[in-house]
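Inspection log for the structure reproduced underneath, given as structure tokens.
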Amino acid sequence: MDGFLVLESISKSFGNRKVLDNVSVSIRFGEIFSILGPSGCGKTTLLRICAGLEEPDSGRIYLNGQDITDLPANKRPVNTVFQNYALFPHMTVRQNIAYGLKIAGRDKNEIDEEVNRFLKLTQMENFSGSKVTKLSGGQKQRTAIARALINKPNVLLLDEPLAALDLKLRQNMLSELQKIHNEVGSTFLYVTHDQGEAMSVSDRIAVMNSGKIEQCAAPVDVYERPSTSFVASFIGDTNLVEGMVVSNSNNFCQLVITALPAMRAMSLDGVSIGDRVRLLIRPENILILKDKPESLDSIDNIISGTVKETTYMGQQTKYLINAGDHLLSVVRHNGAVSDDSNIRAGDTVWLQCRADKSYVLAD
Ligand code: ATP
């Protein structure tokens, strides 16, 4: 497998519980790669195996072509930023950041110079003499990142690094993290259960479920073309409706669905007539209309329904629509054009779902 950090067929059990099941991932040099999944799916265990803090039962780990599976943690050119920061509480910010270089026996002037560079990079210059116990969560986080990066690790492992921060701070730290990454060019392996974080910071995302990777792709592909129902529902809101394939040609399938008209959707390799599949339509890809559209394009799926609930959310309004025996979720952005702003619970509406924004999922 090509790649800078390569995990090959990693399995791990604790007692008789299999936590990682034959996981293979290939991470490219210089990318921000996220492992995303629900609590308990095995993300941290995978990261700890990369760090050398946990041993796999089977499988190998390669870094830059070298097999590092049996290399102890302190010999690996990787550094970890933990959720709880793990800073030295009795030391100042400067002393914390300088620690790695001091242990390595580097010259004092060189250490000072490097620490100054990382204080600046993480915007912590004004706190260099502060005790870390006096810092806010975001400041502790920046100190932990500087302390890890100053050792110039080939790989920076980040385990839910922003989990303890509030939303605003998290958003700021995410964009700072990207700036720092651009500046230092290390490879970042980022573990999170927060899909928004993973989507905004990553070059690629591996979505994990119960110890297995279900999909590994760029954020846009994971969102737009999820390969499983789990990925589709874990990342963002979604409508998933069961159906059966009745025709399949030119990249489009025709599906029959209980209590709905036949629907067209983008097909999937390996799907055949007679297969039971799921239809995936994101709520923002459904147009909600008060009147039945007049000229029907063959690409449009048109469904009628009754509004069950509307929720105004500022930038957007969310609608729950009863259609046949299905409950569909629709999101409309509240922009300048809002000719349908008077849609209310109980109204009959028409939903237009473009076939090229509707997808077939095999599971
Ligand atoms: P979270 O987001 O909650 O941290 P995670 O996806 O990172 O979850 P892991 O921490 O990797 O999940 O844990 C996966 C499973 O392995 C969990 O059920 C956990 O209880 C179990 N586990 C992890 N470490 C150990 C251990 N040292 N001994 C026994 N079980 C463990």
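FYI, the numbering for the sequence shown is -15 to 347, going by the working numbering. We treat Cβ as the ideally placed atom computed from N, Cα and C, and that holds for glycine. On a predicted model such as this, the values are computed, not experimentally measured, just so you know.
Any residue whose CB is nearer than 6 angstroms to a heavy atom belonging to the ligand ATP, listed in chain order: Phe(-2), Val3, Gly21, Ser23, Gly24, Cys25, Gly26, Lys27, Thr28, Thr29 and His177
Determine contact between the segment 171 to 185 and the segment 213 to 233, defined as no fewer than three beta-carbon pairs at a distance below 8 angstroms. yes
Ser(-3) bridges to which residues according to DSSP? Lys2
Does the structure place the segment 300 to 316 close enough to the segment 241 to 249 that three or more beta carbon pairs sit under 8 angstroms? yes
What did DSSP end up calling Gln125 once you bin it into helix, strand or coil? Here Gln125 sits in helix by DSSP.
Pop quiz: Val261 and Ala346 are said to be a contact at Cβ under 8 angstroms. What is the actual Cβ separation, rounded to whole angstroms? Indeed, because the Cβ distance is near 6 angstroms, the residues count as touching under 8 angstroms.
Go through the segment 161 to 226 residue by residue and report every complete run of the alpha helix (DSSP H) that reaches 4 residues or more, in order. Listed in chain order, they are 179 to 185, 203 to 208 and 213 to 218.
Where His74 falls, given that 16 or more other Cβ within 10 Å makes a residue buried: exposed
In chain order, what residues of the same chain have a beta carbon less than 7 angstroms from the beta carbon of Met157, not counting five sequence neighbours either side? Spatial neighbours of Met157 in its own chain (CB-CB distance under 7 angstroms, excluding positions within 5 residues in sequence) are listed in chain order as Gly122, Gln125, Leu146 and Leu149.
Measure the Cβ-Cβ separation of Val291 and Ile327 and say whether it is below 8 angstroms. yes
Report the start-end ranges of each alpha helix (DSSP H) in the segment 73 to 117 that is 4 residues or longer and not cut off at the edges. 77 to 87 and 92 to 105
Figure out for me which residue from Ala329, Arg248 and Gly254 has the closest Cα to the Cα of Lys274. Ala329
If you measure between the beta carbons of Phe72 and Tyr83, is that distance less than 8 angstroms? yes
Taking only three categories from DSSP, how would you classify Cys34? If DSSP states are grouped into helix, strand and coil, Cys34 belongs with the helices.
Can you name the start and end residues of the beta strand (DSSP E) that Thr332 belongs to? Thr332 to Arg338
Are the segment 186 to 199 and the segment 101 to 121 touching by the rule of at least three beta carbon pairs closer than 8 angstroms? no
Three or more beta-carbon pairs under 8 angstroms between the segment 200 to 215 and the segment 27 to 38, yes or no? no
Mind checking who Phe236 pairs with in its DSSP beta bridge? Ser233 and Met250
What three-state label does DSSP hand Arg266 in the structure shown? DSSP, reduced to helix, strand and coil, places Arg266 outside both helices and strands of the structure shown, so it counts as coil.
Starting from the C-beta of Ser231, find all residues in its chain whose C-beta is less than 8 angstroms away, skip the five residues before and the five after it, and write them out in chain order. Taken in chain order, the residues that qualify are Cys237, Gln238 and Ile257.
Could you check whether Met250 and Ser342 sit closer than 8 angstroms to each other, using their CB atoms as the reference points? yes
Output the boundary residues of the beta strand (DSSP E) element that contains Gly(-13). Here Gly(-13) belongs to no beta strand (DSSP E), and DSSP marks it neither H nor E.
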